[in-house]
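First residue of the sequence shown: -15, per my numbering; consecutive thereafter.
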Amino acid sequence: MEPVKVGLLGLGTVGGGTLNVLHRNAAEISRRAGRDIRVVHAAARHYDPEALDGLEEVRLTDDAFEVVNDPEVEIVVELIGGYSPARELVLQAIDNGKQVVTANKALIALHGNEIFSAAQRQGVTVAFEAAVAGGIPIIKALREGLAANHIQWIAGIINGTGNFILTEMRDKGRQFEEVLKEAQALGYAEADPTFDVEGIDAAHKLTILASLAFGIPLQFDKCYTEGISRIEPQDVAYAEEFGYRIKHLGVTRKTDRGIELRVHPTLIPERRLIANVDGVMNAVLVQGDAVGPTLYYGAGAGSLPTASAVVADIIDVARTLTTDPGNRVPHLAFQPDELSDLPVLEMEQVVTAYYLRLTVKDKPGVLARLTGILGDAGISIEAIKQQEPAEGEAQVPLVMLTHAVEEGRMNRAIEAMEALEVVTGPVARIRVEQLG
Ligand code: HSE
């Protein structure tokens, strides 16, 4: 059988890894795909020929549209990232009747609805396993392995950079800024590191997971996103005293009122497996009604782990080239005419428990006034801890855990506490999930 001809857009970290994996595992891949897979054309502005295997068999250009318009290319693999020109290239490839593989989470989260509609019209596949959690086959698991289930919720550590920063802060008591610089130097962070630390990268990935889990259109604009830049070492330490760890989680849950879609720092019990996922590693916990909880763990970034997912998609697509498009696995797991219009909830409607840290004047009656505000709001306190004031210090930190409450109600209670003269600064608030 003729080899399947691939065009690669990008020969950077992931593109280079993809070329190398296709080259070094060629025989094993061919045994699986039933055909050889050959990269015939690649577009790149910058690349390191010394680091790439099999480059001599590839036609090279610096114009990605040349690859997309090459009649020989059957599968276009987009690994340049970003919104544009990735969107135009992918739409052009679809228009040309080519299959597409991409690792581009931002592209799928923002333009996936448009891209999948175009692909459906043309009868081609757009595969995107590498877009979420790098080498972990979470798309395949959700879309196929768990297809029997009502998915109830997903909670994931889906940004390696953020997890690395929080791990270093906890283990070594290091400051946020210092660890971020190290993450950048190690090459984990996005080109714009605010995408990592402010949760935008995780929100891209969570948006995709929610669509696959619940059969809803991609709605990145409705994802609540809060970063980790306001987490202080003292919060990490207090969380530990209560038996929790702070993780930057993406959480999506189906409720009777709608879908929760949120990325924020979260306290989770330290005994949960996912609480022990450290450094740049990713993990996704999925709760299905039939299977119960399942946990997927692995490298969420990096050249070869991400290439592993890209190449798996290429093999999948190569196998389906001769199948009827109507019989392929739907892009968003559910048939396109079966997507649900269940709304994404406003953050004020979401119900969670909270960790609160206040700085208060050390004088009689303060605690009673605070618990009074919470009691009037119907918010029940689970645990409370007041530190002894330092020598000569008139202010003390007060930390507490509350039971679950609607966020809107907690917002109003926090406003009332901050308005008290005895509360001397903003109230730090971190949501708490039991993930049980
Ligand atoms: N910047 C991302 C991370 C890369 O740190 O997880 C993988 O998407």
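Idealized CB from N, CA, C, for every residue including glycine.
- Query: Would the beta-carbon of E174 be found less than 7 Å away from any heavy atom of the ligand HSE?
  - Reply: Answer for E174: yes, Cβ within range of the ligand HSE.
- Taking 7 Å as the cut-off, does the CB of A223 come closer than this to any heavy atom belonging to the ligand HSE? no
- Query: What is the residue span of the alpha helix (DSSP H) that T178 lies within?
  - Reply: 178 to 181
- E174: which of I368, I230, V264, V60 sits nearest, CA to CA? E174 has its Cα closest to that of V264, out of I368, I230, V264, V60.
- Query: Which residue from V42, R15, G0 puts its Cα closest to that of K(-11)?
  - Reply: V42
- Item | Delimiting residues of the beta strand (DSSP E) encompassing V61 | 59 to 62
- Message: On a Cα-Cα basis, can you pick out the residue from F204, E244, G(-6), R154 that is closest to V294?
- Response: G(-6)
- Item | Contact set for E391: own chain, Cβ-Cβ below 8 Å, skip 5 residues either direction | M331, E332, Q333, V334, V335, T336
- How many Å lie between N97 and L202 at the Cα? 6 Å
- Work out the CA separation of K156 and H315 for me, nearest whole Å. Their Cα atoms are separated by approximately 43 Å.
- Item | Cα-Cα separation between A296 and E372, rounded to whole angstroms | 56 Å
- Message: So D346 and V380 are supposed to be a Cβ contact under 8 Å. How far apart are they, rounded?
- Response: 5 Å
- So what's G263 in DSSP terms, helix, strand or just coil? The three-state secondary structure of G263, taken from DSSP, is coil.
- Message: Quick check: does the Cβ of N143 come within less than 7 Å of any heavy atom belonging to the ligand HSE?
- Response: yes
- Message: For the region 132 to 143 against the region 103 to 115, do three or more pairs of beta-carbon atoms, one drawn from each stretch, fall closer than 8 Å, so that the two count as touching?
- Response: no
- Message: On the CB-based measure, 16 or more other CB atoms within 10 Å of its CB, does E62 come out buried or exposed?
- Response: buried
- Any non-hydrogen atom of the ligand HSE within 7 Å of A187 CB: no
- Roughly how many angstroms lie between the CA atoms of E182 and I78, to the nearest whole one? 33 Å
- Task: Taking A169 as part of the alpha helix (DSSP H), name the residues at either end of that continuous run.
- Result: Taken as a continuous stretch (DSSP letters only), the alpha helix (DSSP H) holding A169 covers 160 to 169.
- Endpoints, the alpha helix (DSSP H) within which G359 is located: 350 to 360
- Query: Buried or exposed: where does P121 fall if 16 or more other Cβ atoms within 10 Å of its Cβ makes it buried?
  - Reply: buried
- Query: In or out: Q271 buried (at least 16 other Cβ within 10 Å) or exposed?
  - Reply: Within 10 angstroms of the beta-carbon of Q271 lie 16 or more other beta-carbons, which makes it buried.
- Query: If you draw a straight line from the C-alpha of D20 to the C-alpha of P69, how long is it?
  - Reply: 30 Å
- Task: Count the other C-beta atoms from every protein chain shown that fall within 10 angstroms of the C-beta of Y338, then say buried if there are 16 or more, exposed otherwise.
- Result: Buried, since its Cβ has 16 or more Cβ neighbours within 10 Å.
- Grouping DSSP H, G and I as helix and E and B as strand, with all else coil, what is H232? strand
- Item | Those residues which DSSP pairs with V389 across a bridge | DSSP, once it has assigned bridges, lists T336 as partnering V389.
- Message: Using a Cβ-Cβ cutoff of less than 8 Å, which residues in the same chain neighbour Y67 once the five nearest sequence positions on both sides are dropped?
- Response: The residues A90, L91, L94, H95, in chain order, have a CB closer than 8 Å to that of Y67 in the same chain once the five nearest residues on each side in sequence are set aside.
- Message: Between D300, N9, H30, which has its C-alpha nearest G(-4)'s C-alpha?
- Response: Of the candidates D300, N9, H30, the one whose C-alpha sits nearest the C-alpha of G(-4) is H30.
- Query: Residues bridged to V85 by DSSP?
  - Reply: V61, A111
- Query: Looking at G(-1) and L(-8), is the spacing between their C-beta atoms short of 8 Å?
  - Reply: L(-8) places its beta carbon less than 8 Å from that of G(-1).
- Task: Classify P289 as buried or exposed, calling it buried when 16 or more other Cβ atoms lie within 10 Å of its own Cβ.
- Result: P289 comes out buried.
- Message: Can you check which of these residues, K165, P249, L305, is closest to G18 by C-alpha distance?
- Response: The shortest C-alpha separation from G18 is found at L305.
- Task: Measure the alpha-carbon distance for D37 versus E417 and round it to whole angstroms.
- Result: Inter-residue distance for D37 and E417 is about 46 Å (C-alpha atoms, whole angstroms).
- Message: Out of R396, E405, T386, M153, which one is the CA nearest neighbour of G349?
- Response: E405
- Message: If you follow the alpha helix (DSSP H) that R303 is in, where does it begin and where does it stop?
- Response: 287 to 304
- Query: Can you list, in chain order, the residues of its chain whose CB lies under 6 Å from that of T45, leaving out five sequence neighbours each side?
  - Reply: A27
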